[in-house]
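A.B. asks: A single structure is presented below for examination.
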Amino acid sequence: MVKIGLLGLGTIGRGIVEIINERREYLKAATGVDLRIKTALVRDINKKRDVDLSDIILTDNFEDILGNEEIDILVEVTGDLESAYDYITRGLKAGKHIVTANKAVVSKYFEEISQLAAEKDLAFLYEASVGGGIPVLKPLREQLALNRIDQVQGILNGTCNYILTRMVNENKEYDEVLKIAQRLGYAEADPTADVKGHDTLRKLRILASLALQGKIQEEDIILYGISNISKLDVENIKKMDSTIKLIAEAKRVYNGFTAIVQPTIVKNNNYFANVNMAFNSISFTGNFVGELKFYGAGAGKDPTANAVLSDCLDIALNSYRKGNPLGKESLVNLNSELMGRYYLRISKASRDILERLEDMTKELLTDEQVIKNKKEGFDLAIITKLVKLSSLNDLIANLGLEKDQYFLAKIME
Ligand SMILES: NC(=O)c1ccc[n+]([C@@H]2O[C@H](COP(=O)([O-])OP(=O)(O)OC[C@H]3O[C@@H](n4cnc5c(N)ncnc54)[C@H](OP(=O)(O)O)[C@@H]3O)[C@@H](O)[C@H]2O)c1
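Each number in the working numbering corresponds to the 1-based position in the sequence shown with 37 added.
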């Protein structure tokens, strides 16, 4: 019997209990593994929980789990950052394997926890932290042995993808769709971490560090969220036979890397254009295996709990990759070299702004008549020539634009 200490009994914790309750006997017969949750840690032990907890001891004291020598695996699904770090590191020091779904703690303490787990010869697995239910980290780790991975790319946040899909399909403004997403449970009451891109950035930090085998931290990644997009942008993008996605991408270039999360305009016949609503997709490219694409539910109770339990099963079967998966390549940050053609919309623009953008502009999307006839500022949209992102940003800074006054998106070639 493999005994689990479950840290957290919220959405994902409940899903884990439900799957074990339903599948325990089948699992035992099929694999010989008898997974059992011994104790579960919560903040409030008196809270009513809509799940069958028979045989599980509830506690609000982590020491009850840490000190229990019968417990082999700690499953961390609290969502808390610093206390999760504390539980994980103390758990490893006490000889327990770790499985977590918490991208924030993996992203912030990736190197330290990976090293500690390797030193202790214990598992530290976090499949559910990237892409929710999509098994991508395990195949990535497996391919690393034979391949040099040069690129990882993906739609990694279901909330953003849901909002963008509905804006494109229904010609609605961003605020209106955000409210619908909140009402239907696709966006949180405070959507900042999702719509400003921080959640995507953390997942890219994890993917990029594994894939490129160098230290690529949160501050090494350029970040643009989706919260400035307007109905006008969507109308312009649709006229380009395209749609819009928040895409995270890390690439090996020369002796370094680029890493960026940015709204990206993709042609309607592009693979990513068909990843819609709350679905996620991740691709990585190895020099021998070529490009591999993964698609599925990026979040949600059952798919995420399933990913967590797949990690537990790998530990129970002793079939997980051992050792520290992080490499020691010293890669230079080459984000200053990022180039492309970009879509730029500026609200309340003046003629002066248009003139100053002229050198970079390949195509003006705003009708000249609109510009001429507006006495006050107008909404200006352009497509740039092939330019460096850094030069475009310098220009935007020189124009003195407020952050919420413009929307910038890369055009995927
Ligand atoms: N929800 C998803 O679709 C999804 C997808 C992928 C990854 N994840 C990740 O999975 C993790 C859990 O998410 P969730 O949606 O299940 O969260 P949640 O519904 O908010 O549940 C959190 C649970 O952890 C307990 N908890 C919180 N802080 C704690 C602390 N400091 N010490 C002990 N227990 C604590 C809470 O106890 P009480 O019940 O007593 O309040 C609750 O049971 C997060 O890291 C999240 O990023 C979630």
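Where is the CB? At the ideal position from N, CA and C, for every residue including glycine. These figures come from a predicted structure and were not determined experimentally.
Spatial neighbours of Ala310 within its chain, please: C-beta separation below 6 Å, excluding the five flanking residues on both sides.
C.D. replies: Counted from its first residue, the sequence shown places residue 310 at position 273. So the list reads Thr280, Val303, once near-sequence residues are dropped.
A.B. asks: Following the continuous beta strand (DSSP E) through Val384, name the residue where it begins and the one where it ends.
C.D. replies: For the purposes of this step, residue 384 is taken as the residue at position 347 of the sequence shown. Note on identity: in this sequence residue 384 is Ser, with Val being the wrong assignment. Element bounds for Ser384: 376 to 386.
A.B. asks: Is the Cβ-Cβ distance between Arg289 and Ile186 less than 9 Å?
C.D. replies: Along the sequence shown, one-based indexing puts residue 289 at 252. Along the sequence shown, one-based indexing puts residue 186 at 149. Yes, the Cβ-Cβ distance between Arg289 and Ile186 is below 9 Å.
A.B. asks: Within its chain, find whatever has a CB closer than 7 Å to the CB of Ile258; leave out the 5 residues flanking it on each side and keep chain order.
C.D. replies: Position 221 of the sequence shown, counted from the first residue, corresponds to residue 258. Leu238, Leu241, Arg242, Ala296, Ile297, Val298, listed in sequence order.
A.B. asks: Indicate whether the contact test is met: 3 or more Cβ pairs, each with one atom in the region 344 to 361 and one in the region 55 to 73, closer than 8 Å.
C.D. replies: yes
A.B. asks: Which runs of the beta strand (DSSP E) spanning at least 3 residues fall entirely within the region 72 to 118, listed in chain order?
C.D. replies: Counting only runs of 3 or more, we get 72 to 78, 94 to 96, 110 to 113.
A.B. asks: Heavy atom of ligand 3 less than 8 Å from the Cβ of Asn139, yes or no?
C.D. replies: Absent from the structure shown: ligand 3. Ligands present: ligand 1.
A.B. asks: Specify the secondary structure class of Asn317 as computed by DSSP and reduced to three states.
C.D. replies: Residue numbering aside, residue 317 sits at position 280 when the sequence shown is read from its first letter. Note: Asn317 maps to strand in three-state DSSP.
A.B. asks: DSSP has Tyr443 in a bridge; who is on the other side?
C.D. replies: Start at 1 with the first residue of the sequence shown, and residue 443 comes out as number 406. Ile383, per the DSSP bridge assignment.
A.B. asks: Are His235 and Leu260 touching if we call contact CB-CB under 9 Å?
C.D. replies: One-based indexing of the sequence shown puts residue 235 at position 198. One-based indexing of the sequence shown puts residue 260 at position 223. Yes, they are a contact pair.
A.B. asks: Identify which residue in Val88, Asn194, Ala287, Ser267 has its Cα closest to the Cα of Lys209.
C.D. replies: Position 172 of the sequence shown holds residue 209. Answer by Cα proximity: Ser267.
A.B. asks: Which runs of the alpha helix (DSSP H), 4 residues or longer, sit entirely within the region 186 to 243?
C.D. replies: 195 to 207, 211 to 220, 229 to 232
A.B. asks: Enumerated in chain order, which unbroken segments of the alpha helix (DSSP H) with a length of 4 residues or greater are wholly contained in the region 317 to 369?
C.D. replies: 338 to 353
A.B. asks: Any heavy atom of ligand 1 closer than 8 Å to the beta-carbon of Ser91?
C.D. replies: Stepping through the sequence shown from its first residue, residue 91 is reached at position 54. No, the Cβ of Ser91 stays beyond 8 Å of every heavy atom of ligand 1.
A.B. asks: List the endpoints of the continuous alpha helix (DSSP H) containing Ser144.
C.D. replies: Here the question's residue 144 lines up with position 107 in the sequence shown. 140 to 156 is the extent of the alpha helix (DSSP H) around Ser144.
A.B. asks: Closer than 8 Å by C-beta to Arg178: which residues in its own chain qualify, once you throw out the five before and the five after it? Chain order, please.
C.D. replies: Here the question's residue 178 lines up with position 141 in the sequence shown. Here the set comprises Leu247, Arg358, Pro362.
A.B. asks: How about Ile56: is its Cβ closer than 8 Å to a heavy atom in ligand 1?
C.D. replies: In the sequence shown, residue 56 corresponds to position 19, counting from 1. Because no heavy atom of ligand 1 lies under 8 Å away, the Cβ of Ile56 does not count as near it: no.
A.B. asks: Between the alpha carbons of Ala230 and Lys338, how many angstroms are there, rounded?
C.D. replies: Here residue 230 is taken as the residue at index 193 of the sequence shown, counted from 1. Here residue 338 is taken as the residue at index 301 of the sequence shown, counted from 1. If you take the alpha carbons of Ala230 and Lys338, they lie about 19 Å apart.
A.B. asks: Measure the C-alpha to C-alpha separation of Gln219 and Val112 and round it to an integer number of angstroms.
C.D. replies: Taking the first residue of the sequence shown as 1, we reach residue 219 at position 182. Taking the first residue of the sequence shown as 1, we reach residue 112 at position 75. Looking at the two C-alpha atoms, the distance is approximately 28 Å.
A.B. asks: Taking only runs that begin and end inside the region 163 to 187, name each unbroken beta strand (DSSP E) of 3 or more residues, in chain order.
C.D. replies: none
A.B. asks: Looking at the unbroken alpha helix (DSSP H) that takes in Thr403, where does it start and where does it end?
C.D. replies: Along the sequence shown, read from residue 1 onward, the residue named residue 403 stands at position 366. Per DSSP, Thr403 belongs to no alpha helix (DSSP H) and is neither H nor E.
A.B. asks: Taking the Cβ atom as the reference point for each residue, do Asn370 and Gly293 lie within a distance shorter than 9 Å?
C.D. replies: On the sequence shown, position 333 is the one that residue 370 refers to. On the sequence shown, position 256 is the one that residue 293 refers to. Yes, these two residues count as a Cβ contact at 9 Å.
A.B. asks: How big is the Cα-Cα spacing for Glu286 and Gly132?
C.D. replies: For this step, residue 286 is matched to residue 249 along the sequence shown. For this step, residue 132 is matched to residue 95 along the sequence shown. Near 36 Å, if we compare the C-alpha coordinates of Gly132 and Glu286.
A.B. asks: Considering only their Cβ atoms, is the gap separating Ile135 from Ala155 smaller than 9 Å?
C.D. replies: Locating residue 155 in the sequence shown gives position 118, where the first residue counts as 1. Locating residue 135 in the sequence shown gives position 98, where the first residue counts as 1. No.
A.B. asks: Please state if the CB of Leu72 and the CB of Leu46 are separated by a distance shorter than 9 Å.
C.D. replies: For the purposes of this step, residue 46 is identified with residue 9 of the sequence shown, where counting begins at 1. For the purposes of this step, residue 72 is identified with residue 35 of the sequence shown, where counting begins at 1. Taking C-beta atoms as the reference points, Leu46 and Leu72 fail to come closer than 9 Å.
A.B. asks: What did DSSP end up calling Lys282 once you bin it into helix, strand or coil?
C.D. replies: As a working mapping, residue 282 is identified with position 245 in the sequence shown. Strand, per DSSP.
A.B. asks: Using DSSP bridges, identify the partner residues of Arg289.
C.D. replies: On the sequence shown, position 252 is the one that residue 289 refers to. Answer is Phe294.
A.B. asks: With DSSP run on the structure shown, which of helix, strand or coil describes Val424?
C.D. replies: Within the sequence shown, the letter at position 387 stands for residue 424. Val424: strand per DSSP, three-state reduction.
A.B. asks: Is Lys216 close to ligand 1? I mean its beta-carbon at under 8 Å from any heavy atom of the ligand.
C.D. replies: The count along the sequence shown starts at 1 and reaches residue 216 at position 179. Not so, every heavy atom of ligand 1 lies at least 8 Å from the Cβ.
A.B. asks: Among the residues of its own chain, which have a CB less than 8 Å from the CB of Pro176, if the five just before and after it don't count?
C.D. replies: Translated into positions along the sequence shown, residue 176 becomes position 139. Within the same chain, Pro176 has close Cβ partners Leu329, Phe331.
A.B. asks: Can you tell me where the beta strand (DSSP E) holding Lys40 begins and where it ends?
C.D. replies: Residue 40 sits at position 3 when you count from the first residue of the sequence shown. First-last of the beta strand (DSSP E) with Lys40: 39 to 44.
A.B. asks: Quick check: does the Cβ of Ser166 come within less than 8 Å of any heavy atom belonging to ligand 1?
C.D. replies: Here residue 166 refers to the residue found at position 129 of the sequence shown. Yes; taking the cut-off as 8 Å, the Cβ of Ser166 has a heavy atom of ligand 1 nearer than that.
A.B. asks: Would you check if the region 415 to 423 and the region 394 to 403 touch, i.e. whether three or more CB-CB distances between them fall below 8 Å?
C.D. replies: Judged by Cβ distances under 8 Å, the region 394 to 403 makes contact with the region 415 to 423, as three or more pairs qualify.
A.B. asks: Quick one: give me the first and last residue of the beta strand (DSSP E) that Val136 is part of.
C.D. replies: As a first step, residue 136 is located in the sequence shown; it is residue number 99 there, counting from the start. Note, Val136: beta strand (DSSP E), 134 to 137.
A.B. asks: Under 9 Å, do Ala334 and Phe316 count as touching if we go by C-beta distance?
C.D. replies: Your numbering for residue 334 matches position 297 in the sequence shown. Your numbering for residue 316 matches position 279 in the sequence shown. The Cβ atoms of Ala334 and Phe316 sit closer than 9 Å to each other.
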